[in-house]
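Here is the structure we will look at, set down as structure tokens.
There are 8 protein chains.
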Amino acid sequence: MRDILEAVAEGTVTPEVAEATLRGYVTNEAGRFDATRCQRSGVPEAILADGKTLSEITTLIDASIETTDRAILTRVGAETATDIREHLAETYPAAAIDVDERAGTVVVHTQQFEPPSLDASVAVVTAGTSDAVPAGEAGTIAAEMGASVERIHDVGVASLDRLLDQLPRCRDQDILIVAAGREGALPTVLAGLVDVPIIGLPVSTGYGHAGDGEAALSGMLQSCTALSVVNIDAGFTAGAQAGLIARQLDAARQS
Amino acid sequence: MRDILEAVAEGTVTPEVAEATLRGYVTNEAGRFDATRCQRSGVPEAILADGKTLSEITTLIDASIETTDRAILTRVGAETATDIREHLAETYPAAAIDVDERAGTVVVHTQQFEPPSLDASVAVVTAGTSDAVPAGEAGTIAAEMGASVERIHDVGVASLDRLLDQLPRCRDQDILIVAAGREGALPTVLAGLVDVPIIGLPVSTGYGHAGDGEAALSGMLQSCTALSVVNIDAGFTAGAQAGLIARQLDAARQS
Amino acid sequence: MRDILEAVAEGTVTPEVAEATLRGYVTNEAGRFDATRCQRSGVPEAILADGKTLSEITTLIDASIETTDRAILTRVGAETATDIREHLAETYPAAAIDVDERAGTVVVHTQQFEPPSLDASVAVVTAGTSDAVPAGEAGTIAAEMGASVERIHDVGVASLDRLLDQLPRCRDQDILIVAAGREGALPTVLAGLVDVPIIGLPVSTGYGHAGDGEAALSGMLQSCTALSVVNIDAGFTAGAQAGLIARQLDAARQS
Amino acid sequence: MRDILEAVAEGTVTPEVAEATLRGYVTNEAGRFDATRCQRSGVPEAILADGKTLSEITTLIDASIETTDRAILTRVGAETATDIREHLAETYPAAAIDVDERAGTVVVHTQQFEPPSLDASVAVVTAGTSDAVPAGEAGTIAAEMGASVERIHDVGVASLDRLLDQLPRCRDQDILIVAAGREGALPTVLAGLVDVPIIGLPVSTGYGHAGDGEAALSGMLQSCTALSVVNIDAGFTAGAQAGLIARQLDAARQS
Amino acid sequence: MRDILEAVAEGTVTPEVAEATLRGYVTNEAGRFDATRCQRSGVPEAILADGKTLSEITTLIDASIETTDRAILTRVGAETATDIREHLAETYPAAAIDVDERAGTVVVHTQQFEPPSLDASVAVVTAGTSDAVPAGEAGTIAAEMGASVERIHDVGVASLDRLLDQLPRCRDQDILIVAAGREGALPTVLAGLVDVPIIGLPVSTGYGHAGDGEAALSGMLQSCTALSVVNIDAGFTAGAQAGLIARQLDAARQS
Amino acid sequence: MRDILEAVAEGTVTPEVAEATLRGYVTNEAGRFDATRCQRSGVPEAILADGKTLSEITTLIDASIETTDRAILTRVGAETATDIREHLAETYPAAAIDVDERAGTVVVHTQQFEPPSLDASVAVVTAGTSDAVPAGEAGTIAAEMGASVERIHDVGVASLDRLLDQLPRCRDQDILIVAAGREGALPTVLAGLVDVPIIGLPVSTGYGHAGDGEAALSGMLQSCTALSVVNIDAGFTAGAQAGLIARQLDAARQS
Amino acid sequence: MRDILEAVAEGTVTPEVAEATLRGYVTNEAGRFDATRCQRSGVPEAILADGKTLSEITTLIDASIETTDRAILTRVGAETATDIREHLAETYPAAAIDVDERAGTVVVHTQQFEPPSLDASVAVVTAGTSDAVPAGEAGTIAAEMGASVERIHDVGVASLDRLLDQLPRCRDQDILIVAAGREGALPTVLAGLVDVPIIGLPVSTGYGHAGDGEAALSGMLQSCTALSVVNIDAGFTAGAQAGLIARQLDAARQS
Amino acid sequence: MRDILEAVAEGTVTPEVAEATLRGYVTNEAGRFDATRCQRSGVPEAILADGKTLSEITTLIDASIETTDRAILTRVGAETATDIREHLAETYPAAAIDVDERAGTVVVHTQQFEPPSLDASVAVVTAGTSDAVPAGEAGTIAAEMGASVERIHDVGVASLDRLLDQLPRCRDQDILIVAAGREGALPTVLAGLVDVPIIGLPVSTGYGHAGDGEAALSGMLQSCTALSVVNIDAGFTAGAQAGLIARQLDAARQS
């Protein structure tokens, strides 16, 4: 601890990094950034942009980059994405920035950042464009944890041919995340056809009775196959769970 | 009306038949039997055995046979079925009796009964044995309305090969009733593969969250295909709706 | 397949049409248009305008017209309808355009389009103006599938005289779609009076306990008559189911 | 108060009556009997038999008869009714006993009891035998409050002719209690045809989604007519509310 | 009927009045106005302003005044009220206009209108200002049906003294409508203290679990007293039910 | 630790007590008994009898008495209570046994047990006999934690006089637990009249919509007063929370 | 009472204070202010700003300050806070004003106000910034009732080290209010570690199934520890309940 | 196929095995046994004993052993277990039988059966004995798929010390299944402490609001950690999902 404090005194370590090292997270007026979450639980901390002001977001981005050389943002609207990009261009001109507008995610890596790389594959399977946000989130988180991530789109239960076309690609993966809204039948149908573990991701589409993803969630929970499930629209959770499994697979392959 | 009363006076018509003719239904201590339901709405009256005493059931059977030369019973337990069969053997020794133990239905036709016969086909498709009761009810009602009824079993979304095997038979029907419990995905998957109208029949299997058929019901209501749906376990309703459509088809074919 | 590719090479077939022919649907930045849905399942693909930008809508209209010579839009707001009309006037000056403002539907037929025509009638029965959107959707879809569609308005359970006045018109139809909000009793009352198959369409009117169509939906599911039901406000589904039955009737009449 | 205590001392008043006079209710090992409820709120206290032992029931009957010269029991099963009748025959041989097996009610009047008599009429309208228990309870309570009670059975929305037949009788009443299970449409249909105030009484029939009276309750709450409603199966409450209105009408007619 | 048509031909009767007389209601582009509802069921038709454009509202006002010499509007916002007042001042300068801003109601009587007057009293009891809208609606409808209406405010279960102060006023009424939000205990507490019939009116205040009036509704349905209940915020229904009872009382007093 | 093990070796301490001392709880075939719960969180461990066999119950009683010189049982049926009493009489003839049949609790103290005694009072207020089980549980737990516990029965919102009679007793307490079923209004009414902290205890009485305590729970959560609440029928939790507050008060008074 | 009226006549007492003294609350066009709530039930009246106009808010502030020398506002948005501050600066330049922007509370004390001071401590424990509003409300109310209030932030179940760090501070308190959203596990985990009474405060964070605080509420109600709970986001209620307990502790310590 | 049919003809292959080989499953009067499920989806077929007669169970056991040399039964009651054991002893005297009474599972391996063995570990973590059935099911299925399964009991959130004691064992596993009833906080707390993937298994303990596992399920879905979840009591699903991940790990380790 003394080393760190001396480094702070010498100015070679910022107080933020020192706090993160000693206490595990940074607290500022925009909230708390859990800088050691990744070491502790294997899952990187992300910044949920929705519902925060731009100033709160950039403060948290700074805390994230200061302490982990990376920032991951989810549920970023189109306008906010532009503002964030501007802030990043000014403040971290050398950083690599990846904006996925459809998925609402932004990822920043400084030059110092050493991205993890796992010998394990995750595919995110979706039926259509309405699944883009949670599916995109899931893919981003799994990729940031080091998995090699593939996206398999346009696979709906109502057009079985297309689904059968994609079976070989699905069977080649280590883990599948399958997103579906409305009646949520896609993960069940796929789970009858492949022996890869599947994480069901219900999406808040649908209207009327049990709309907003409730029918999809209950359908996946009632599935007669070996699915596990995350909450409605919980792309982050699905991606993180897939990432944790990918880490185990990578360790197994390294051993 | 005078004719009928004179016939009663002469003893050629029972008071029960007279009441049914004049008022449309028979009331006795076991409840009310709606003898003219079939003429009025095209759907025959059935006797729900579940929750009634044997004496109430036989009283209603008698009212039904007196006025319509037929009796249809649903939700009949195994023991009750035996008792009913005995009663029928004694009281209507010449009648044709059809007991479907798995479906819990009993159908009685006197020799005078002229069964309707429609030039229209209905198939009842099920995934497994747990769908037997509502599916059986549906088939019985559609058949009693005159449709030619086929039963297609063991078609589950988790074993797609078998489902594809049955597609030609499904495509040959005029109407499909598709029963499914738990996540209820079968009607959706089938509706993407055939252009026959499908009535979804959710079944009260499943446990835990949204068990007892609620997940199946909400999945069918949320389906991205052109399904219509009946209540959970409402085999009678599904069969009757299919029967009404079959009547229209038959009339069209006769014309 | 080679024919098609050669036709593309020669420029007589657009890549979009080629993709639709070979893969069954067109994918562009606005989403996916399932161009062969109609051949496969008998139900035409429609474009849900609500929640899409004008540019996404017009892109999908173009895909639809390119591949099927027709476009069907639902849940179109008044302003968007005007914008769409302008786009159509410019791009497809010779096409026939039918805008139903109250129902929120827009239908476009190019000159090449050969509208299907079925020898089968569907009536959409409503209680009042609050049922206009889902009822209008239902009528439009059934009509686009070729049924001859009648609209019977102002038939509420609280003014029985008017309902009895309309009975003869109801009895003349092949199929009835009956829309109702709040307590949703209309389909039940009608089903006791006619022997035509009825599809209940619950509407999201009502407030307080079980408002937004839930009371209507559960009332229709609990009905003691032979109704089948679709989800709350699911006009498209009701119309498509009626259309599929109409196709069967038409085939029966042709045979 | 002294008078009462002296009367107890002299043995002309029992301790139970004294307690009821002074405190308003009797407490014994079987629970509490609110002897002055009728004076205070106009509604007589009744003994809910369901869930109590025979000994608890007879103890409460005794408390009721001691203090009010009357006992009203609801939800009495067939066997318990026989046991109660025996107890009454022994203990109160001169009392008038009225057992309604279908409604599950038992009413006892001693010779001293002066039944209230109101110049006001209440009809309890039902669709069928499954409404018997709550409808019977409602009729019993209204009658015990002094209203002249009529029972109008077999009036269902699915057989409109019969309903129209009964309209004149319905229009002659001061107040209607309308019981209905499943979709609960009867009160709404009647309220569109008469201008008598109607209390809707949902009944716990039905199964599947929103079964056990929930669909009936929500349908009545959503009704587009001027209904008020009581809880599912709350026959006592419906009868008591009708009784209170009957008391107001009687007072108006006396004035 | 000929008389009416001749009067139309002569111009002494407008086509709208003629339609209303012959068919019972007026249909125009703003919806349907049920002009004979009051004769048929005793309850006047009201115009729900919420969700309608000003032009739709004024069209319906005109239809109402043309056919019944009166217009009743509910759920009128402050701005809309001003616009309506202007329209009325221009179009019906001689009419009496009563705007209750807090209750969101507007009532118009032409000079020809003969307001009904019943010898019966209704009080609307509320706990606080948040109950103003449904309570005001209830009072307005009961008054328009002819009852003499009193408003008793600021009676909450949490300040029992004030409630006890108001008891004598409550006991003097023929009928009480008791509005309450959140836990909805006021009608239960009052019903233990008075023998006047009470209609419970749950109000959509409250937040969190069972907020928006659901706790109040279920509390009133579970009440151990003789309440009947209407839907959440259904002031119109409560007032109309009270008005129907008031009509019976008035008739009793006239006889 | 060595001391304990030596004591075990010498036979002055049983292995069970040793395990409890070292690990904090005893595990046997009937489940786990958390022997140090009381030291750790201030709340004694109780044995829930409902759903266990007699042999499981007596095994847990033995573990409890071995380690804490006391046993507390809840939800004990009448028959099981008799069996338990027999077991106790044989095994712990010198122990003091307290069986409360109505509350379903059994408490055993060995002669060695030094019951805690707190200078703080808790009253459990109930409306009637149906609240006996959870209210009794609450009182027993608070008493076993040392509070002086009073029971105030027959205080219902529908008989306000009786409630006002009991106010002085309520105001004299340090903490009130107020149990109520059906509409659950009692805690709200009391909280408006006293300034003692109140814990609301909803009871699973009631039927129909929001029956089984849900209306009572949501009413207490929505209360406009300063209540805190426990789960439906959670008498143990209410008593334990009151006991913890009583401990704080006792400590304050000792200081 | 005469004294007060004479003082009003002399102008030494305002009519508002006189009304509050005589009737217990002030009624004006903005609603009702319950001026004697604090004397009666120990809990001060607060003004809920959300949903009120600025003019209504300032009118209620004036009524509060006139009658109690204090005003407490909750759910005040940032803009409204500025407006209120301006109004206060003008109208009560000598008053002490405390604005907590994050918690959305404003507290005003005139110079005459004698703040209560209790010898009892309450801590409000939170997991993160999303709990700020209800937690802040809880702290403000407890402080205004005189408790010494501590705020313990950043204690989440997912970072157990930090939670263990804060245990000594938690154990030093008399009462804990523990706020938690999403799965709401924090109060349960803390209750296993301390013997201080805990009030659980569920917060309306979370999304998808059982979002908006419902999962947190049901988790706290199901907790296997001795928690009591308030409604979702009911910071006021939690603070007031803690304040009432603090008053008892203070009285105990003074005695 | 000819080979098989010839083998049947020769009697070296039973018709059942032939059917299973050719069609993938065996159908008999007790239902359908999906003999190739394991090859197709990696998960072995199990026989749910609950709700089946002994004769149905033994018929399915025979089908299972005939076709796969193994039988797995779940939800077997104590009595049924004895009966099954007898049947097995007679029919398959050489088979290895493993009955877990607490978990309600029975596993039979013939001498020919070659149990799969995976180089991957799964631990099933539980809080107490009430989690035994679903947790046992989960462990049995994972073990039958070849994983090495450990059971870690008595780890509750309310006794944190014990939980911390078990952390090293938890961290050594490849996958954790964490079962929890009531508030279901255990998986969340564990997921903050380990970086092993966790499958949450909610258990149907608890009572009152959101009892029967609903609170546990919603708490796990709302968890702020990277959990995936299965349905309430779905031990089979949790074990199968863990088994599929174990298969991937084993393959990775073999490669």
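Protein chains in written order, with this note's numbering: chain S, -17 to 237; chain D, -17 to 237; chain W, -17 to 237; chain E, -17 to 237; chain R, -17 to 237; chain B, -17 to 237; chain Y, -17 to 237; chain A, -17 to 237.
Note that the Cβ used here is the ideal one computed from N, Cα and C, for glycine as well.
Owing to the predicted nature of the structure, the values given are computational and were not obtained by experimental measurement.
- When DSSP states are grouped into helix, strand and coil, residue 100/S belongs to the coil group.
- The beta carbons of residue 166/R and residue 195/B sit no closer together than 8 Å.
- By alpha-carbon distance to residue 120/B, the top candidate from 226/B, 45/B, 136/B, 139/B is 226/B.
- At least one CB of chain W lies nearer than 8 Å to the CB of residue 206/E.
- Under the Cβ criterion (8 Å, minimum of three pairs), the region 96 to 109 of chain E counts as touching the region 122 to 134 of chain E.
- Straight across, the Cα-Cα distance linking residue 112/Y with residue 182/Y is about 16 Å.
- DSSP, read as helix, strand or coil, puts residue 111/R in helix.
- A Cβ-Cβ distance of about 7 Å is found for the pair residue 127/Y and residue 228/Y, placing them in contact under the 8 Å criterion.
- Looking at 42/R, -9/R, 33/R, 222/R, the one whose alpha-carbon comes closest to that of residue 20/R is 222/R.
- For residue 178/B, there is no enclosing alpha helix (DSSP H), since its DSSP letter is neither H nor E.
- For residue 164/S, the CB contacts under 8 Å within the same chain, skipping 5 residues up- and downstream, are 187, 188, 197, 198 in chain order.
- Sequence-distant Cβ neighbours of residue 25/B in its own chain, meaning closer than 8 Å and more than five residues away, are 19, 123, 127, 222, 225, 226.
- Within chain E, the residues 230 have their CB atoms less than 7 Å from the CB of residue 156/R, given in chain order.
- Taking 8 Å as the CB threshold, residue 170/D lines the interface with chain S.
- Straight across, the Cα-Cα distance linking residue 125/S with residue 233/W is about 54 Å.
- Taking 7 Å as the cut-off between beta carbons, the residues of the region 133 to 153 of chain Y near chain A are 139, 140, 141, 142, in sequence order.
- Contact annotation: residue 60/A and residue 38/A have beta-carbon atoms that are not nearer than 8 Å.
- Using a CB distance below 7 Å, the part of the region 184 to 208 of chain Y facing chain S consists of 189, 190, 191, ordered along the chain.
- With a threshold of 8 Å between beta carbons, residue 67/Y makes no contact with chain A.
- Shown here is that no member of the region 32 to 61 of chain Y has a Cβ falling below 8 Å from a Cβ of chain B.
- Using a 10 angstroms sphere on the CB of residue 153/W, the tally of other CB atoms stays under 16, which defines it as exposed.
- Per DSSP, residue 170/E is one residue of the alpha helix (DSSP H) stretching across 168 to 173.
- The contact set of residue 174/A on chain Y, defined by CB atoms closer than 9 Å, consists of 138, 139, 140, 141, 142 in chain order.
- Against chain A, the CB of residue 216/B has a partner CB under 8 Å away; the residue lies at that interface.
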